[in-house]
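One structure is given below, encoded as structure tokens.
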Amino acid sequence: MSNVSEIIQEMGVVPVVVLNDAKDAAPLAKALCEGGLPCAEVTFRTDAAEEAIRVMTTEYPDMLVGAGTVLTIEQVDRAVDAGAKFIVSPGFNPEVVDYCLGKKIPVYPGCITPSEVAQAVKRDLKVIKFFPAEQFGGVDTIKALAAPYVGVKFMPTGGINAGNLESYLTCDKIIACGGSWMVKGDLIKAGKFDEIKALVKEAVQLVSAIKNK
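Numbering (my numbering), first residue to last: 5 to 217.
Set out below in structure tokens:
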């Protein structure tokens, strides 16, 4: 768990990917790797997600590929069998979290209230998702939640883009942000993987500039 979190923290940004066709998985993975972000959270909300994860992890074994929007234990099994190295859920589902912990699968459940963070702390989780970030107060809310729960760090997702990334990454309670601005669905659908690669490179440069300030 800590190793995955360390890799994610080093990257600063996790591309959150929605794939409607598994044929796009390999060229997208190539664009991410060549752009400098060999990582993806593939959302499990489409029928193509499972096969997309399998293609990415098979063709690009050094990539850190996880499954997002995981709602059930059955989806955990399917995602991990396909090669997912971590699980992300939009909310705190005790059944899913406990199942992942029991199998030593890194899991990042969504938490937006003190009660949900308390449940994560009870299970000794060190990093949790904060979703949807912008809609629930962004950095200010994260700082307020982190104050009583000093051992927890956050991975916010939702409404984060190149324009507000700095406000998040300069907070020491945030290890990285999930974002889809560099892997937009319309670009994937149009096969504009060179454009995606360029946006990924820009994101990498932005993270580096923020961290080195």
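We treat Cβ as the ideally placed atom computed from N, Cα and C, and that holds for glycine. All values reported here derive from a predicted model rather than from experimental measurement.
Under the three-state reduction of DSSP, THR145 is assigned to helix. The beta carbon of ARG49 sits closer than 6 Å to those of THR73, all from its chain and outside the five residues before and after it, given in chain order. In the three-state reduction of the DSSP assignment, LYS193 falls in the helix class, which pools H, G and I. Comparing alpha carbon positions, the residue from TYR153, ALA207, VAL154, GLY189 closest to GLY167 is ALA207. Residue nearest to ILE109 within the set PRO65, VAL101, GLY40 is VAL101 (criterion: CA-CA distance). If you check the CB distance, VAL59 and ALA30 come in under 8 Å.
Contact annotation: LYS157 and VAL131 have beta-carbon atoms nearer than 8 Å. Using a Cβ distance threshold of 8 Å, VAL20 and THR47 count as a contacting pair. According to the DSSP secondary-structure assignment, MET159 is paired through a beta bridge with LYS133. The beta-carbon separation of SER119 and VAL143, rounded to 21 Å, does not stay under the 8 Å limit for a contact.
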